[in-house]
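Asker: Handing you this structure, nothing more for now.
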Amino acid sequence: MNDIHHMNMAGVDLNLLVVFDALMQERNVTRAAMRIGLSQPATSSALARLRHLFDDPLLVKTPSGMQPTPKALQLSEVLRSALWQIQSAMTEPERFIPKTSERVFRLGMSDYAEMVFLPKLMQQLSHQAPHLQLQVRATDRQEVLTLLDEDRIDLAIGFHPQQAAWHQKQELFKERFVCVCRQNHPSVRSPLTLETYLAASHLLVSLREDPIGRIDRSLAEQNLQRHIALSIPHFLLTGFILAQTDLLAALPERLARVWMELQPLQVLPLPMPVSGFAVSMLWHAKNQNELGHTWLRSRFGQIAAVET
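Residues in the sequence shown are numbered consecutively from 1014, following our numbering.
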């Protein structure tokens, strides 16, 4: 580990970093001042000192408001993470007793994550933390970072390819796609051939309502195409639709297992290679060592270990 240069740090007012973070969040001196409880002149003076300290304008006035410089954006990721860690270190941890806690946890999950995790999680909580409350919010990867930063959710579960420096992520498992259709399908046999697959009609689940899925992109690389008879923006109806039609669907394997327990369906390997995805937990660094948060994350980890 590199040593901290104490002599270099001694002359720096670390409160300036709090002002810098507020300015970066608000992009407005007056609002930043209100956020941290300083006067507007004091905040303006702090901005001048920050500019001198970093030898950079940091925030530049434009017709649409103050805009950060490239250096300010770079500093913001590093300093915001550091400030959260300092705040966490200075805050005395509250005790968390699962058996008696009445705490409310707010989760951001896709319907895929809800179906894979929530039944098993609630089975655990009914015995281990019967008074705990979970509030689940439907989220996608585009909005989840904002919800974490604005403290509107405590933990996100799903596919999270992006994160900021002040977010923490733990991969739970790797997911792959399989083909799902009804039992006694008139044309599907094992092993499923590419010819049979392409001759069938398909159900596409597109969370972003994109009519082209990853299967279609994979097929396009081979100059092949399938017929999408139905496209829906969620997984909640897939099992019911597949059980009552001759449609085929490429679904995440763990979700397919859930549907097989509920509907007369069969699961087959896809007849061509398709990239999968990682399912992860994502949370704000300020909650890294918080006892209740750590306990809840460990529940998801246990469920994932069984699912793997």
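Using N, Cα and C, we set each Cβ at its ideal position, and we do this for glycine too.
Nearest to Met1037 by alpha carbon, out of Pro1132, Phe1253 and Val1091?
Answerer: Checked all of Pro1132, Phe1253 and Val1091; the closest Cα to Met1037 is Val1091.
Asker: If I follow the unbroken alpha helix (DSSP H) through Phe1109, where does it start and stop?
Answerer: Phe1109 -> no alpha helix (DSSP H), and no H or E assigned at all.
Asker: What are the boundary residues of the beta strand (DSSP E) that Glu1188 is part of?
Answerer: Its beta strand (DSSP E) spans residues His1180 to Glu1188.
Asker: Under 8 Å by Cβ, that's how I've got His1215 and Ala1242 pegged, so tell me the actual separation to the nearest angstrom.
Answerer: About 6 Å separates the two Cβ atoms, so the contact holds.
Asker: What residue range is occupied by the uninterrupted alpha helix (DSSP H) comprising Lys1299?
Answerer: First-last for Lys1299: undefined, no H or E at that position.
Asker: Return helix, strand or coil for Thr1251, following the three-state DSSP convention.
Answerer: The answer is helix: DSSP assigns Thr1251 an H, G or I state.
Asker: Determine the direct distance from the alpha carbon of Arg1044 to that of Asn1300, and round the result to whole angstroms.
Answerer: Distance between the alpha carbons of Asn1300 and Arg1044 is about 26 Å.
Asker: Should Phe1253 go down as buried or exposed, given a rule of 16 or more other Cβ atoms within 10 Å for buried?
Answerer: By the neighbour-count rule (16 or more Cβ atoms within 10 Å), Phe1253 is not buried but exposed.
Asker: When you compare each of Gly1078, Ser1089 and Lys1133 to Asp1034 by their alpha carbons, which one comes out closest?
Answerer: Here the closest residue by C-alpha is Ser1089.
Asker: According to the neighbour-count rule (16 or more other Cβ atoms, all chains shown, within 10 Å of its Cβ), is Ser1058 buried or exposed?
Answerer: Exposed, since its Cβ has fewer than 16 Cβ neighbours within 10 Å.
Asker: With distance defined between alpha-carbon atoms, name the residue in Leu1138, Arg1108, Gly1171 and Ser1114 nearest to Val1129.
Answerer: Minimum Cα distance to Val1129 is reached at Gly1171.
Asker: Check this for me: beta carbons of Arg1150 and Arg1116, under 8 Å apart or not?
Answerer: No; because the gap between Cβ atoms is not below 8 Å, this pair is not in contact.
Asker: Who are Met1079's beta bridge partners in DSSP?
Answerer: Answer is Lys1074, bridged to Met1079.
Asker: With contact counted as at least three CB pairs below 8 Å, one residue from each stretch, are the segment 1305 to 1321 and the segment 1223 to 1235 in contact?
Answerer: Segments in contact, no.
Asker: Considering just the uninterrupted stretch of the alpha helix (DSSP H) at Phe1130, what are its terminal residues?
Answerer: Its alpha helix (DSSP H) spans residues Asp1124 to Gln1141.
Asker: Using a Cβ-Cβ distance cut-off of 8 Å, determine whether Ile1099 contacts chain C.
Answerer: No chain C appears in the structure shown, which is made up of a single protein chain.
Asker: Check each candidate in Leu1027, Gly1050 and Pro1083 and name the one with the smallest Cα separation from Leu1063.
Answerer: Comparing Cα positions, the closest option is Leu1027.
Asker: Can you tell me where the alpha helix (DSSP H) with Gln1038 in it begins and where it stops?
Answerer: Taken as a continuous stretch (DSSP letters only), the alpha helix (DSSP H) holding Gln1038 covers Asn1028 to Glu1039.
Asker: What's the C-alpha gap between Val1073 and Ile1049?
Answerer: Cα to Cα, the separation comes out at about 21 Å.
Asker: Name the one or two DSSP bridge partners that Ile1099 has.
Answerer: BP columns for Ile1099 are empty, so no partner.
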